[in-house]
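Asks: Sharing a structure here in structure tokens format.
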Amino acid sequence: MIQRTLSIIKPDGVSRNLIGEVIKRIESAGLKIIAMKMIRMNKVQAKGFYQVHEGKPFYESLTDFMSSGPCVVMVLEGDNAIEKYRKLMGATDYRMAEEGTIRREFATDIEKNVVHGSDSPESAHFEIGYFFNQLEIINE
Ligand code: CMP
Numbered sequence: 483m484i485q486r487t488l489s490i491i492k493p494d495g496v497s498r499n500l501i502g503e504v505i506k507r508i509e510s511a512g513l514k515i516i517a518m519k520m521i522r523m524n525k526v527q528a529k530g531f532y533q534v535h536e537g538k539p540f541y542e543s544l545t546d547f548m549s550s551g552p553c554v555v556m557v558l559e560g561d562n563a564i565e566k567y568r569k570l571m572g573a574t575d576y577r578m579a580e581e582g583t584i585r586r587e588f589a590t591d592i593e594k595n596v597v598h599g600s601d602s603p604e605s606a607h608f609e610i611g612y613f614f615n616q617l618e619i620i621n622e
């Protein structure tokens with residue numbers, strides 16, 4: 483099933499020059515980048531994006547981190563894209579992530595885990611719409 487998912491290269495990934503590394507893995511996996519831009523969220527925007535985590539103990543720190551520097555946001559499209567990209571990323575906690583995944587190789591912390599990806603079709607719909615309008619997404 484062809485799906486879309488939202489990918490974010492987080493501020494740690496951007497500042498550590500991992501943009502190319504992450505994009506190379508996305509393209510090698512056969513996922514198509516159909517929208518992409520670099521943005522800098524403010525605290526309010528980061529809180530809006532992560533509103534499902536409101537009230538969790540890591541919410542304040544996470545939204546401080548996500549507004550601390552630029553992120554690269556992308557829409558990925560492909561067969562089973564949500565699960566495929568989650569496999570490329572590895573588990574949220576890099577210590578639990580499989581060998582060869584982005585987080586296992588590059589994350590330094592459960593929060594500073596280099597990348598984000600949508601976890602369901604519903605969250606992909608919300609997350610893509612949070613950053614992109616119709617005109618910014620390539621529809622072939
Ligand atoms: P992400 O996939 O972007 O979704 C929520 C983010 O919260 C997660 O990656 C981490 O960056 C961060 N986070 C920090 N602590 C935790 C935790 N204990 N459980 C889940 N996510 C956490």
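In my numbering, the protein residues as written are 483 to 622. Cβ atoms here follow ideal geometry from the backbone N, Cα and C, with glycine treated the same way. On a predicted model such as this, the values are computed, not experimentally measured, just so you know.
Under 7 Å, do residue 619 and residue 557 count as touching if we go by C-beta distance?
Replies: Taking 7 Å as the Cβ cut-off, residue 619 and residue 557 qualify as a contacting pair.
Asks: Taking only the alpha-carbon atoms, compute the straight-line gap between residue 524 and residue 551 and give it to the nearest angstrom.
Replies: In a straight line, the C-alpha of residue 524 is about 9 Å away from that of residue 551.
Asks: From residue 520 to residue 490, what does the alpha carbon distance come to, in whole angstroms?
Replies: Roughly 10 Å between the two C-alpha positions.
Asks: Which residue from 581, 562 and 572 puts its Cα closest to that of residue 471?
Replies: Nothing about residue 471 can be read from this structure; the chain reaches only from 483 to 622.
Asks: Pairs of beta-carbons, one from the region 597-609 and one from the region 535-547, closer than 8 Å: are there three or more?
Replies: Judged by Cβ distances under 8 Å, the region 597-609 makes no contact with the region 535-547, as fewer than three pairs qualify.
Asks: So, helix, strand or coil for residue 559, using DSSP?
Replies: Strand.
Asks: Could you have a look at residue 534 and say whether DSSP puts it in helix, strand or coil?
Replies: Helix, per DSSP.
Asks: When the Cα atoms are used, what is the spatial distance from residue 595 to residue 611?
Replies: So the alpha carbons of these two residues sit roughly 23 Å apart.
Asks: Can you tell me whether residue 617 is buried or exposed? The criterion is at least 16 other CB atoms within 10 Å of its CB, across all chains shown.
Replies: Counting Cβ neighbours within 10 Å, residue 617 comes out exposed, since fewer than 16 surround it.
Asks: Alpha carbon to alpha carbon, how far is residue 486 from residue 577? Give it in angstroms, no decimals.
Replies: Using only the alpha carbons, I get a separation of about 27 Å.
Asks: Is the beta carbon of residue 491 within less than 6 Å of some heavy atom of the ligand CMP?
Replies: Every heavy atom of the ligand CMP is 6 Å or more from the Cβ of residue 491, so no.
Asks: Which whole-angstrom value is the C-beta distance of residue 588 and residue 488, which I expect to be below 8 Å?
Replies: About 19 Å separates the two Cβ atoms, so there is no contact after all.
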